[in-house]
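There are 2 protein chains.
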Amino acid sequence: MTGDVRVRATVIDLLQGALGAKVLTDPAETEPFSHDRSHHPWQLADAVVRCTSTQDVVDVLRICSDTTTSVVPFGTGTGLEGGANLSRGSVCLDVSGMNRILRLDPGSLDVTVEAGVKRSELNPVLAEHGLFFPVGPGVDASIGGMAATGASGTNAVYFGTMRESVLGLTVVLADGTVVHTGGRARKSAAGYDLTHLFIGSEGTLGVITEITLRVYGIPPSTVLAVCAFGDLVAAARVVQRALGEGIHLARAELLDDIMVGAIDDFSGLSLERAPTLLLEFIGGPAAVAEDAERVRALAEDEGSVNFGLVESAPERDRIWQARHDALPAAAAMKNGAQTWSTDVCVPISRLADCIGQTKADLDASSVLAPIAGHVGDGNFHLAFVLSPDDTAGFAEAQRINERLVERAVVMGGTCTGEHGIGVGKTEDLIREHPTGVPLMRALKGTLDPLGIMNPGKVLR
Amino acid sequence: MTGDVRVRATVIDLLQGALGAKVLTDPAETEPFSHDRSHHPWQLADAVVRCTSTQDVVDVLRICSDTTTSVVPFGTGTGLEGGANLSRGSVCLDVSGMNRILRLDPGSLDVTVEAGVKRSELNPVLAEHGLFFPVGPGVDASIGGMAATGASGTNAVYFGTMRESVLGLTVVLADGTVVHTGGRARKSAAGYDLTHLFIGSEGTLGVITEITLRVYGIPPSTVLAVCAFGDLVAAARVVQRALGEGIHLARAELLDDIMVGAIDDFSGLSLERAPTLLLEFIGGPAAVAEDAERVRALAEDEGSVNFGLVESAPERDRIWQARHDALPAAAAMKNGAQTWSTDVCVPISRLADCIGQTKADLDASSVLAPIAGHVGDGNFHLAFVLSPDDTAGFAEAQRINERLVERAVVMGGTCTGEHGIGVGKTEDLIREHPTGVPLMRALKGTLDPLGIMNPGKVLR
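Chains as they are written, first to last, in my numbering: chain A, 8 to 467; chain B, 8 to 467.
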């Protein structure tokens, strides 16, 4: 690749001197660490450092800082906006080997983990103590990656996102300085909120190496309600009314008819192919029954005729797994297709409108894009299903995505509720936060004066 | 006051030229804007600007920035750590006249208010739509002040603090630049979290002028449980076990025997003078009854013999008002006394220990200090009751407070859960966040290079 800047051999020598065999340079080994799951461009990493401790991260950042070498932090590579995509000249700093659960205090409902711990590794350990960690995107992301992108998922309507779940962080700054933010107290008014400065910063301000999380007692009862509607607007209205009446919804997911078809086919379900709500209720048995009945009345009032309750845990798990597999299910709709997933979030009362106008855009186009939404948060996803060589399709998706983002921002919403800015939405960020971006740039300059931390991501 | 620096006459002339009669300089008028409710020292403001718009705040900050004049933002003056106390040479920037509710969207469960709006002004407007805003310290603080200190209150165990409640802010920076952070989306992964940078910054990074808040549907049923225990440890354990079992507690307050006596006397209640829990349950009627029964079983298992439910709304309100009046109730225990209220927050499992050791300190001293705790958060308050001229008592309180803070930090907690750093806990902040304070200083330098924003507060 003529003209590209490679990581200098002297830098790789320094890294190997300090970190030995943890430094990978063989392209066959570095490829999996060079990109996330988005359609955004990436380049092969010249060097990947497989860090296994905060000290390793310090060593890498000191060397990179001393040599003004760019660093791209990497967790599981499950991102959707190119936030972990490598650019030539950058060292990949992989934390997936930092996968220890460092401390668990069931009595305080908190746990401290290393950044590479995945949700699938944390929850079984918590379950032994009757606890769980609710935040979870569809994929099995790392906790560090989830903190770095401000991730959320289907439970956010009740339990919040990573922003509401992280009590404290260990972060290594660009120059190798280690900072401990927050702590274990469930609330604190002690100084500036450094924890939230790093949540959602996508590795551009520092590398998160340890995370202290709130965890929760597993509720005694859980019931899932499934109900189909004649249109998306009625479905969205049920959730809005339920929240307005103070009903506790643990999850409130909306699938359009196309997405229901996709997950039916992919996961062997037999849901009615209509706009569908998946609503989950948690608490004591009486509370769960009561909440479900109250929402059934709302659903019937809005025209649903098949409000059904799923009480069996395996059956609920099967449906939620199918929901979490929405992205591969979408990809499977077309032979050899890939997906491009985008998301926006709008004020709840604007959600039905925003989805409706987006559906109209899609109907007027040749692009296939099923919709799934965290309707209790006003957040929804489009998954464009495209053949890799369909240049016209990508251009059309680009146009629809731009209109979607503009629509969301005009409605008082945001260009991304969950996926982050990465490289895909840097212009959208400026559009959404014209007064905020200059301040973000100033913060970036203060924390990373050499500009080595994940350059080109979030801000460009 | 020889040697003190006053606000220069030219600055006052500039302010009066731009803001006319909004500028107060008569000591009889400026005194109420010169201090909060703490025991920390303050000086009479030479000039108070009663801002009524974001533009007024811009005008003040431009003048102060141009003339390198310090500014102390002021809301209701209900703070407890001197965060709004005036120092000579500073202009008081009062936002209490910014008291308009700018926008309410019941369908989206959000509202935008000016910084001077008080809780008591917001909730009646929300109630007309079946909504409420849950965050509330004991006093009737302004929403802007609550955001600036990261306030919380009795509902935090369920609804979170201001950190979890603010969706977006309008902030005026030191140089008069207006920044809009966040927005109305209930979650966003769009760029750095500027909103949380300002929450808890106590006016040292900018002046918050508008706040967008999450609000909630009023739940159909609410029940308050009151139960006394033989000791504080058993009471704390009930709450810990309830949370561990996934029971929804909307409030979980602990009062020690001395505080129960104080509020009984002050508010005409007749609670048993023993360590007492006030636990509130919300939801549908069946859920509330079920949760209360589950907690009754836990309370009886821990030795409570008088678990009683209060279902009448006026009676509940009377008890909560008494709880919120804990500080004046403490002051009323001694003729002519004033209170010095401090707070810490520790991991939930350490709360009983932390309170127990603190009680032992108090028992071994001559100082009177009833205790009230937000036990579901691990947060509790001591209210030292002192005669204004009791120098030895203040010194003793100082010593007990230092030991309390050190104990909390050693336990993994924080030097303040709710009250903020102000001028009273700047040394404690350094002890708690030795690696964080240098970064906080760097952020302060970036946002306020002239050091004019509430100098000496939070960082010194």
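For every residue, glycine included, the Cβ atom is placed at its ideal position computed from N, Cα and C.
Problem - Sequence ranges, beta strand (DSSP E) only - wholly within the segment 242–321 of chain B, length at least 3 - result: 258–262, 283–290, 315–317
Problem - Near-chain A residues of the segment 114–141 of chain B (beta-carbon distance less than 8 Å), N- to C-terminal order - result: G114, S115, L116, D117, G137, L138
Exercise for the section: Could you work out which residue in A/A241, A/D73, A/E135 is closest to A/V111 when comparing CA atoms only? Expected result: What sits at residue 111 of chain A in the sequence shown is Leu, not Val. With distances taken between Cα atoms, A/L111 lies closest to A/E135.
Exercise for the section: Would you mind giving the Cβ-Cβ distance between B/G190 and A/E171, rounded to the nearest angstrom? I have them listed as a contact below 8 Å. Expected result: Their Cβ separation, rounded to whole angstroms, is 17 Å, which puts B/G190 and A/E171 out of contact at 8 Å.
Practice task
Would you please verify whether the beta carbon of A/I225 is less than 8 Å from any beta carbon of chain B?
Solution key: yes
Handout entry: Neighbourhood of A/F391 by C-beta, 7 Å cutoff - its chain only, sequence neighbours within 5 removed
Key = T346, W347, V374, A376, A404
Problem - Contacts that A/T156 makes with chain B (C-beta to C-beta distance below 7 Å) - result: A196
Handout entry: Residue range of the alpha helix (DSSP H) that includes A/D66
Key = 61–73
Practice task
Report the neighbours of B/E171 on chain A: residues whose CB is nearer than 7 Å to its CB, in chain order.
Solution key: G167, E171
Practice task
Show which residues of chain A have a CB atom less than 9 Å away from the CB atom of B/D384.
Solution key: A192, R193, K194
Problem - Per DSSP, the bridge partner or partners of A/L375 - result: A/V392
Problem - A/G86 - containing beta strand (DSSP E), residue span - result: Per DSSP, A/G86 belongs to no beta strand (DSSP E) and is neither H nor E.
Practice task
Mind checking the segment 352–365 of chain B against chain A and listing, in chain order, the residues whose C-beta falls within less than 8 Å of any C-beta there?
Solution key: C352, V353, P354, I355, S356, R357
Handout entry: Proximity below 8 Å, CB of A/D384 to CB of A/V164
Key = yes
Practice task
List the residues of chain B that A/C71 touches, going by C-beta distances under 9 Å, in chain order.
Solution key: Here the premise fails: no neighbours, minimum Cβ distance about 19 Å.
Exercise for the section: Assess, as a yes-or-no matter, whether the segment 170–184 of chain A is touched by the segment 325–345 of chain B under the definition of 3 or more beta carbon pairs within less than 8 Å. Expected result: no
Exercise for the section: For A/T421, decide whether its Cβ has a neighbour in chain B, counting only Cβ atoms nearer than 8 Å. Expected result: yes
Problem - Span separating the alpha-carbon of A/D396 from that of A/G343 - result: 10 Å
Problem - Close beta carbons around B/A306, own chain, < 7 Å, minus the five adjacent residues each side - result: C234, V245, F314
Handout entry: Where A/S274 falls, given that 16 or more other Cβ within 10 Å makes a residue buried
Key = buried
Exercise for the section: Starting from the beta carbon of B/D112, find every residue of chain A whose beta carbon is closer than 8 Å, and list them in chain order. Expected result: P354, S356
Exercise for the section: Closer than 8 Å by beta-carbon distance: list the chain A residues that pair up with B/D298, in chain order. Expected result: G290, G291, A294
Exercise for the section: Note down, in chain order, each residue of its chain lying with its Cβ closer than 7 Å to the Cβ of B/T9, except the 5 sequence neighbours on either side. Expected result: With a pLDDT of 35 at B/T9, under the threshold of 50, the modelled position of this residue cannot be trusted, and the question is left open.
Problem - Identity of the residue in B/H255, B/V230, B/A338 nearest A/I225 by Cα - result: B/H255
Practice task
Determine, using beta carbons only, whether A/G251 and A/V351 come nearer to each other than 8 Å.
Solution key: no
Practice task
Within its chain, find whatever has a CB closer than 7 Å to the CB of A/P141; leave out the 5 residues flanking it on each side and keep chain order.
Solution key: N162, F166, Y223
Practice task
Keeping to the same chain, check which residues put their C-beta closer than 6 Å to that of B/A379; ignore five residues upstream and five downstream.
Solution key: L262, M266, A333, H388
Problem - B/A299 beta carbon less than 8 Å from that of B/E242 - result: According to the sequence provided, residue 242 of chain B is Ala. The question's Glu does not apply to it. No, they are not a contact pair.
Practice task
Give the straight-line distance between the Cα atoms of A/R258 and B/T76, rounded to the nearest whole angstrom.
Solution key: 51 Å
Exercise for the section: Tell me whether B/Q50 sits in a helix, a strand or coil according to DSSP, three-state version. Expected result: coil
Handout entry: For A/G123, the nearest candidate out of A/D63, A/R448, A/T216, A/T184 (CA to CA)
Key = A/T216
Handout entry: 8 Å contact criterion, which A/V102 and A/G151 should meet: CB distance rounded
Key = 6 Å
Handout entry: C-alpha gap between B/V295 and B/I437, whole angstroms
Key = 43 Å
Handout entry: Neighbouring residues, chain A, relative to B/R492 (Cβ below 7 Å)
Key = Coverage of chain B is limited to positions 8 through 467, which leaves residue 492 of chain B absent and any answer about it impossible.
Handout entry: Residues from the segment 11–44 of chain B in contact with chain A, defined by Cβ distance under 7 Å
Key = none
Practice task
At 9 Å on the CB atoms, spell out the chain B contacts of A/M447, in chain order.
Solution key: G198, Y199, L201
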